[in-house]
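Presented below is the structure to which this report refers.
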Amino acid sequence: MVVCDQCKKRRQSREEALQMKESFDDGTQKLILTNCDSLGEFHQGNQDTSSIPNIIWMFWEGPMNHVVETCIESWKFYNPTYDIRVLNKSNCATYTDMHVATHILKDDSAKRGVQRNMDIHSLRHANENNTRFSDFLRALILSKHGGFWVDASIICHHPISWVHAIQRSYQVEFVGYYTGNKSMPTVENWFFACVPDSAFMRDWCQEFVRFNEFPSANDYLSDVRNQGINLDNMPYLDYLTMHASAQQVLQSHPDTYRIYLFCANSGPLLYIEQVGWDYPRAVDLLTNTDTCESFYQYTMIKLPNGPRNEMLHRKLSDVQRAISIGTQVPIKPPG
Numbered sequence: 008m009v010v011c012d013q014c015k016k017r018r019q020s021r022e023e024a025l026q027m028k029e030s031f032d033d034g035t036q037k038l039i040l041t042n043c044d045s046l047g048e049f050h051q052g053n054q055d056t057s058s059i060p061n062i063i064w065m066f067w068e069g070p071m072n073h074v075v076e077t078c079i080e081s082w083k084f085y086n087p088t089y090d091i092r093v094l095n096k097s098n099c100a101t102y103t104d105m106h107v108a109t110h111i112l113k114d115d116s117a118k119r120g121v122q123r124n125m126d127i128h129s130l131r132h133a134n135e136n137n138t139r140f141s142d143f144l145r146a147l148i149l150s151k152h153g154g155f156w157v158d159a160s161i162i163c164h165h166p167i168s169w170v171h172a173i174q175r176s177y178q179v180e181f182v183g184y185y186t187g188n189k190s191m192p193t194v195e196n197w198f199f200a201c202v203p204d205s206a207f208m209r210d211w212c213q214e215f216v217r218f219n220e221f222p223s224a225n226d227y228l229s230d231v232r233n234q235g236i237n238l239d240n241m242p243y244l245d246y247l248t249m250h251a252s253a254q255q256v257l258q259s260h261p262d263t264y265r266i267y268l269f270c271a272n273s274g275p276l277l278y279i280e281q282v283g284w285d286y287p288r289a290v291d292l293l294t295n296t297d298t299c300e301s302f303y304q305y306t307m308i309k310l311p312n313g314p315r316n317e318m319l320h321r322k323l324s325d326v327q328r329a330i331s332i333g334t335q336v337p338i339k340p341p342g
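Numbering (this note's numbering), first residue to last: 8 to 342.
In structure tokens, the structure reads:
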């Protein structure tokens, strides 16, 4: 695998980015990735020869604003043959069984209030907020069906065939991004892909569902720490509780899974990292004429809450400049 080690130091033209997109192949040739700081095969489990389904799962509850619409259109534009399913609380049962499967639960779960075949809407913490609901949704769906989970606030700049190439070339069960350091990476949940019945995804889901056995996130986190799991340098865990569940799984079974992770701060989050997480300045980088194209080289751009809310106050033309498809597809104006 050839990794570009200059992607932080130089800006590439739109033509170079397009050539880079074409360089992704079927996994038998070299791969060139713009994410120069990749973690690689963090866990060395058994090789997985399954395939990641061409299904992109998303979630958005309530009225869809023009920024989210733009993000979703970018995924449709670059991945026209994929089945893109935008879920909400009303339609999610149409696409998948919304009950907690028997194999997801620990043997003693019923003692603490999590029943087998319990509907996701009935889970203790699922309806605390939309983020929490979507976390349980992505865990339950991907652990069974596989495919891609994509937050609705991610801009796509290239086809996601590169994920299939990585998965086939390295025979992994899970491809995603991490933040933090390589010795103890935090697996991000805003974008990942896995094969159906992935062992890691199944165990991650199982552990996250266990959260419902506790009255609060703090109670669950205390239990995880009492097991000897290191959650240091992981902020906002009462909100990002699913991240803590991943740590419990990975630290408890360090050699069980075969996954491939890329550094988020060198790719989808680089634009924020470059300006010290100053959201207005970060959005300026994505929308200004003289800087926007330098970010087209990255496979995707993640818009966390801060940048997404900042983008909502920008003109439609600014939002369109942030995506490499520009005005090639119709996008509704704000309002």
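Positions of the beta carbon are idealized from the N, C-alpha and C atoms, including for glycine.
Fair warning: this is a prediction, and the values are worked out from it, not measured in the lab.
Restricting to Cα atoms, I'd like to know which of the options is closest to residue i.
i      : options                           : result
Ser190 : Asp239, Glu280, Pro60 and Phe181  : Asp239
Leu319 : Met65, His152 and Cys78           : Cys78
Gln213 : Asn137, Gln174, Pro311 and Ala251 : Ala251
Arg315 : Cys270, Ala289 and Leu228         : Ala289
Cys270 : Pro287, Asp226 and Phe199         : Phe199
Ile167 : Gln327, Thr306 and Ser150         : Thr306
Cys99  : Val326, Glu135, Arg145 and Glu80  : Arg145
Thr248 : Leu323, Gln327 and Glu135         : Glu135
Asn95  : Gln281, Ser229, Trp156 and Trp67  : Trp67
Give the DSSP-derived three-state secondary structure of residue i in the structure shown.
i      : result
Thr41  : Caution applies to Thr41, whose pLDDT of 33 falls short of 50 and renders its modelled position unreliable; the value that the coordinates give is listed next. DSSP places Thr41 in coil when its eight states are reduced to three.
Trp156 : strand
Lys309 : strand
Glu80  : helix
Gln327 : helix
Asn237 : coil
Arg321 : coil
Leu130 : coil
Met191 : coil
Asp90  : strand
Roughly how many angstroms lie between the CA atoms of residue i and residue j, to the nearest whole one?
i      : j      : result
Asp158 : Pro261 : 27 Å
Asp204 : Asp297 : 45 Å
Asp285 : Ile279 : 7 Å
Ile308 : Arg265 : 25 Å
Gly69  : Glu317 : 19 Å
Leu244 : Leu147 : 20 Å
Arg139 : Ala133 : 6 Å
Phe356 : Cys201 : The structure shown does not extend to residue 356, since the chain is modelled only from 8 to 342, so the question has no answer here.
Ser141 : Leu293 : 27 Å
Arg321 : Val216 : 38 Å
Asn137 : Gln304 : 31 Å
Thr263 : Phe207 : 8 Å
Leu38  : Asp126 : Any reading at Leu38 must be qualified, since the residue scores a pLDDT of 26, below 50, and its modelled position is unreliable; no value is offered.
Ser324 : Trp169 : 29 Å
Looking at residue i: is its Cβ nearer than 9 Å to the Cβ of residue j?
i      : j      : result
Ile59  : His164 : no
Ile91  : His152 : no
Leu277 : Pro192 : no
Trp211 : Val256 : yes
Val93  : Leu310 : no
Asn233 : Gln258 : no
Leu130 : Trp64  : no
Ile161 : Pro275 : yes
Using a beta-carbon distance below 9 Å, is residue i in contact with chain B?
i      : result
His320 : Given the protein chain composition of this structure (a single chain), no chain B is represented.
Sufficient close CB pairs (3 or more, under 8 Å) joining the segment 179-187 to the segment 220-238: A contact is defined here as three or more CB-CB pairs under 8 Å, and the segment 179-187 fails this definition with respect to the segment 220-238.
Touching by the beta-carbon criterion (3+ pairs, under 8 Å), the segment 323-333 and the segment 73-87: yes
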